[in-house]
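Novice: What follows is a structure written as structure tokens; I'll ask about it next.
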Amino acid sequence: MTDWLSCFITYYYLVLCLFMRKNIIALLIALPYLCLSMRTASAQVLGGKSVFSFLDLPVSPQIAALGGSNVSLQNNDIALSALNPALLRESMHQYLQVNYTNYFAGVQYAHALFGYHLGKYKTTLAGSVQYIDYGSVTQTDAAGNILGNFKPRDMAFQLTASRRYLERWYYGISVQYVQSSYLQYKASGLAFHVGLNYQDTANHWQAGLVVRNMGAQLKTYTKGNQEPLPFDLQIGVSKKLENLPLQFSATIHHVHQFDVRYADPNFQEGTIISDGDTTSTHGNTADKIFRHFILAAQWEIGRYIELTASYNHLRRQELGLPQQKGMSGFSGGIGIITRKLQLRYTRSWYQRSEALNQLGINLPLKEWRY
Numbered sequence: 029m030t031d032w033l034s035c036f037i038t039y040y041y042l043v044l045c046l047f048m049r050k051n052i053i054a055l056l057i058a059l060p061y062l063c064l065s066m067r068t069a070s071a072q073v074l075g076g077k078s079v080f081s082f083l084d085l086p087v088s089p090q091i092a093a094l095g096g097s098n099v100s101l102q103n104n105d106i107a108l109s110a111l112n113p114a115l116l117r118e119s120m121h122q123y124l125q126v127n128y129t130n131y132f133a134g135v136q137y138a139h140a141l142f143g144y145h146l147g148k149y150k151t152t153l154a155g156s157v158q159y160i161d162y163g164s165v166t167q168t169d170a171a172g173n174i175l176g177n178f179k180p181r182d183m184a185f186q187l188t189a190s191r192r193y194l195e196r197w198y199y200g201i202s203v204q205y206v207q208s209s210y211l212q213y214k215a216s217g218l219a220f221h222v223g224l225n226y227q228d229t230a231n232h233w234q235a236g237l238v239v240r241n242m243g244a245q246l247k248t249y250t251k252g253n254q255e256p257l258p259f260d261l262q263i264g265v266s267k268k269l270e271n272l273p274l275q276f277s278a279t280i281h282h283v284h285q286f287d288v289r290y291a292d293p294n295f296q297e298g299t300i301i302s303d304g305d306t307t308s309t310h311g312n313t314a315d316k317i318f319r320h321f322i323l324a325a326q327w328e329i330g331r332y333i334e335l336t337a338s339y340n341h342l343r344r345q346e347l348g349l350p351q352q353k354g355m356s357g358f359s360g361g362i363g364i365i366t367r368k369l370q371l372r373y374t375r376s377w378y379q380r381s382e383a384l385n386q387l388g389i390n391l392p393l394k395e396w397r398y
């Protein structure tokens with residue numbers, strides 16, 4: 029009951045912040061409270077310890093090319109609003125985007141969204157749906173006898189609203205309904221995202237802040253077992269060089285939690301044994317800090333080509349094999365940008381021989397009118 033009440037109060041206050049006068053000031057005042065309350069409710073939530081973890085998957089090629097998350101970069105990709113609702117812009121009116129991901133082990137997922145600007149209310153809206161298909165899975169009993177097959181799935185529906193404040197500030201909120209079905213185990217929930225974006229076009233600076241995945245389960249997989257959502261507080265900055273078509277970004281995730289390492293006692297990569305003494309390099313402070321960072325660069329070649337590259341240190345440390353990390357943690361993407369069509373492709377390396385491919389198409393439907 030407490031989680032339901034918290035969700036309702038959060039949603040009600042965010043809607044008020046979106047439409048009331050001096051709304052961004054109210055939002056700034058509210059953010060510390062929201063972060064503190066959700067931080068307390070979902071303390072120590074890391075990978076493997078939260079429900080609906082698919083919410084952290086990169087839904088578009090550009091998001092993947094930027095390292096999986098970027099809350100400050102604003103361009104013509106409407107999918108960036110999935111990371112920070114404040115990145116949704118009036119210029120994205122009637123933008124339609126469809127993305128496809130060929131994930132690992134035969135898993136596939138798709139994401140589609142559409143933007144619409146309400147001129148009367150000075151508000152831009154976007155609706156999206158995400159669907160994950162895990163394929164056909166063999167069902168067995170405790171003794172290993174095959175009982176048949178079933179098809180697990182995850183879905184998420186999101187509604188985003190964004191507005192402008194003064195000349196350089198933008199703010200937005202998203203509400204997301206989440207649903208999972210794994211044979212007889214089914215669950216649903218509500219997640220909220222709140223974002224701010226500052227854009228200084230004269231000096232080519234952008235900054236962003238987002239509080240992601242506030243909320244709770246509406247229905248649990250098993251009765252009485254309430255699990256936390258993958259809460260995250262992220263900040264980021266982007267800077268475009270003045271005389272070069274090159275832009276750099278730095279994103280910091282899990283700002284609310286210093287140590288984001290996944291402690292597996294069965295896997296101690298950083299252990300050094302010498303003369304009977306065991307020294308763990310996993311406790312290195314610099315490594316702990318750098319695991320929060322995602323670094324990215326984007327280069328515009330002429331009018332139509334866009335190249336993106338990034339490095340995610342947390343991904344490299346968690347998924348890279350010892351002594352064989354290779355390109356783990358790196359991502360690279362290419363975009364073909366025209367007035368009527370934007371086509372993007374990204375390849376992300378999770379392990380030395382395992383990479384993820386994503387393809388997306390963005391159609392500004394308003395440009396197709398004659």
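No gaps in the numbering here: position 261 of the sequence shown is 289 in this note's numbering, and each next residue is one more.
Positions of the beta carbon are idealized from the N, C-alpha and C atoms, including for glycine.
Given the structure is predicted, the values throughout are model-derived calculations rather than measurements.
Any idea which residues DSSP pairs Lys394 with across the strands?
Specialist: If you number the sequence shown from 1, residue 394 lands on position 366. Per DSSP, none; premise fails for Lys394.
Novice: Closest to Trp407 by C-alpha separation, out of Tyr131, Phe178 and Tyr290, would be which residue?
Specialist: For residue 407 there is no data in the structure shown, the boundaries of the chain being 29 and 398.
Novice: Suppose contacts are defined by Cβ-Cβ distances below 9 Å. Is Gly243 in contact with Leu257 by that definition?
Specialist: In the sequence shown, the residue the question calls residue 243 occupies position 215. In the sequence shown, the residue the question calls residue 257 occupies position 229. Cβ distance < 9 Å, so Gly243 and Leu257 count as in contact.
Novice: Which word fits Ser381, buried or exposed, when buried means at least 16 other C-beta atoms lie within 10 angstroms of its C-beta?
Specialist: In the sequence shown, residue 381 corresponds to position 353, counting from 1. Ser381 comes out exposed.
Novice: Where does the unbroken alpha helix (DSSP H) through Gln345 begin, and where does it stop?
Specialist: Sequence index remark: in the sequence shown, residue 345 carries index 317 (1-based). Run containing Gln345: His341 to Leu347, per the alpha helix (DSSP H) assignment.
Novice: Return yes when the Cβ of Thr129 is within less than 9 Å of the Cβ of His139, no when it is not.
Specialist: Taking the first residue of the sequence shown as 1, we reach residue 139 at position 111. Taking the first residue of the sequence shown as 1, we reach residue 129 at position 101. The answer is yes: Cβ separation under 9 Å.
Novice: Assuming Ala92 is part of the alpha helix (DSSP H), what are its boundary residues?
Specialist: Within the sequence shown, the letter at position 64 stands for residue 92. Counting along the chain, the alpha helix (DSSP H) containing Ala92 begins and ends at Pro89 to Ala93.
Novice: Roughly how many angstroms lie between the CA atoms of Leu211 and Gln234, to the nearest whole one?
Specialist: Numbered from 1 along the sequence shown, position 183 holds the residue referred to as residue 211. Numbered from 1 along the sequence shown, position 206 holds the residue referred to as residue 234. Looking at the two C-alpha atoms, the distance is approximately 45 Å.
Novice: Are there three or more Cβ pairs, one per stretch, closer than 8 Å when the segment 133-148 is compared with the segment 172-180?
Specialist: Result no; under three Cβ-Cβ pairs closer than 8 Å.
Novice: When DSSP labels each residue in this structure, what does Asp169 get in the three-state scheme?
Specialist: Locating residue 169 in the sequence shown gives position 141, where the first residue counts as 1. The answer is coil: DSSP assigns Asp169 none of H, G, I, E or B.
Novice: Give every residue of the same chain whose Cβ lies closer than 6 Å to the Cβ of Tyr123, excluding the five residues on either side of it in the sequence, and list them in chain order.
Specialist: One-based indexing of the sequence shown puts residue 123 at position 95. Short of 6 Å from the beta carbon of Tyr123, and not among the five residues preceding or following it, lie these beta carbons of its own chain, in chain order: Ile106, Gly143 and Pro392.
Novice: Taking the C-alpha atoms as reference points, what is the distance between Gln102 and Ala215?
Specialist: For the purposes of this step, residue 102 is taken as the residue at position 74 of the sequence shown. For the purposes of this step, residue 215 is taken as the residue at position 187 of the sequence shown. Taking the CA atoms as reference points, Gln102 sits about 34 Å from Ala215.
Novice: Going by the CB atoms, is the gap between Lys268 and Leu274 shorter than 9 Å?
Specialist: Numbered from its first residue, the sequence shown carries residue 274 at position 246. Numbered from its first residue, the sequence shown carries residue 268 at position 240. Closer than 9 Å, so yes.
Novice: Below 8 Å, how does it come out for the segment 84-96 and the segment 367-377: are there three or more Cβ pairs, yes or no?
Specialist: yes
Novice: What number of angstroms, rounded off, separates the C-alpha of Tyr162 from the C-alpha of Arg181?
Specialist: Looking up residue 162 in the sequence shown gives position 134. Looking up residue 181 in the sequence shown gives position 153. The alpha-carbon of Tyr162 is positioned some 6 Å away from that of Arg181.
Novice: For the beta strand (DSSP E) containing Thr250, list its first residue and its last residue.
Specialist: Looking up residue 250 in the sequence shown gives position 222. It is not in any beta strand (DSSP E) - Thr250 carries neither H nor E in the DSSP assignment.
Novice: In angstroms with no decimal places, state the Cα-to-Cα distance between Tyr137 and Gln125.
Specialist: Counting from one through the sequence shown, the residue named residue 137 turns up at place 109. Counting from one through the sequence shown, the residue named residue 125 turns up at place 97. Taking the straight line joining both Cα atoms gives about 14 Å.
Novice: Quick one: using the 10 Å Cβ neighbour count with 16 as the cut-off for buried, is His281 buried or exposed?
Specialist: Here the question's residue 281 lines up with position 253 in the sequence shown. The residue in question, His281, is buried, as its Cβ has 16 or more Cβ neighbours within 10 Å.
Novice: Does DSSP classify Phe82 as helix, strand or coil?
Specialist: Counted from its first residue, the sequence shown places residue 82 at position 54. Correct three-state label for Phe82: helix.
Novice: Do you know whose CA, among Phe358, Leu387 and Pro350, lies nearest Ile364's CA?
Specialist: Position 336 of the sequence shown holds residue 364. Checking every option, the nearest Cα to that of Ile364 belongs to Leu387.
Novice: Have a look at Gly200 and Thr166 and give me their C-alpha separation to the nearest angstrom.
Specialist: Position 172 of the sequence shown, counting from 1, holds the residue named residue 200. Position 138 of the sequence shown, counting from 1, holds the residue named residue 166. Those two C-alpha atoms are separated by around 42 Å.
Novice: Ignoring anything shorter than 3 residues or poking outside the segment 113-180, list the beta strand (DSSP E) runs there in chain order.
Specialist: 123-130, 136-146, 151-161, 165-168 and 174-178
Novice: In the DSSP assignment, what are the bridge partners of Lys21?
Specialist: This structure gives no information on residue 21, because the portion of the chain shown stretches from 29 to 398.
Novice: Provide the residue span of the alpha helix (DSSP H) that contains Thr313, from first to last.
Specialist: Taking the sequence shown and counting its residues from 1, the one referred to as residue 313 is at position 285. It spans Thr313 to Phe318 - the alpha helix (DSSP H) in which Thr313 sits, taken as one unbroken run.
Novice: What's the C-alpha gap between Lys368 and Arg397?
Specialist: As a position in the sequence shown, residue 368 is number 340, starting the count at 1. As a position in the sequence shown, residue 397 is number 369, starting the count at 1. Going from the Cα of Lys368 to the Cα of Arg397 covers about 10 Å.
Novice: Look up Ser202 in the DSSP assignment and say whether it is helix, strand or coil.
Specialist: The residue given as residue 202 occupies position 174 in the sequence shown. Strand, per DSSP.
Novice: In chain order, what residues of the same chain have a beta carbon less than 7 Å from the beta carbon of Ser164, not counting five sequence neighbours either side?
Specialist: If you number the sequence shown from 1, residue 164 lands on position 136. Once the five neighbours on either side are set aside, the close Cβ partners of Ser164 are Asn177 and Lys179.
Novice: For the beta strand (DSSP E) that contains Gly217, what are its first and last residues?
Specialist: Here residue 217 corresponds to residue number 189 of the sequence shown, with the count starting at 1. Start and end: Tyr213 to Asp228.
Novice: So, for Arg192: in the same chain, excluding its five sequence neighbours on each side, which residues have a beta-carbon less than 6 Å away from its beta-carbon?
Specialist: Taking the first residue of the sequence shown as position 1, residue 192 is located at position 164. Cβ neighbours of Arg192 beyond the five flanking positions: Tyr198.
Novice: Which two residues bound the contiguous beta strand (DSSP E) that contains Gly330?
Specialist: Counted from its first residue, the sequence shown places residue 330 at position 302. Gly330 -> no beta strand (DSSP E), and no H or E assigned at all.
Novice: So, at 6 Å on beta carbons, what are the nonlocal neighbours of Gln186 in its own chain, with the 5 sequence-adjacent residues on each side left out?
Specialist: Against the sequence shown, residue 186 aligns to sequence position 158. So the qualifying residues of the chain are Ser156, Ser202 and Gln204.
Novice: Report all residues from its chain with a CB closer than 8 Å to the CB of Phe318; omit the five preceding and five following residues, and keep chain order.
Specialist: Along the sequence shown, one-based indexing puts residue 318 at 290. Only His341 meet the Cβ criterion.
Novice: Going by Cα to Cα distance, which pick from Tyr249, Trp327 and Gln326 is closest to Val79?
Specialist: Position 51 of the sequence shown holds residue 79. Of Tyr249, Trp327 and Gln326, the residue nearest in Cα terms is Tyr249.
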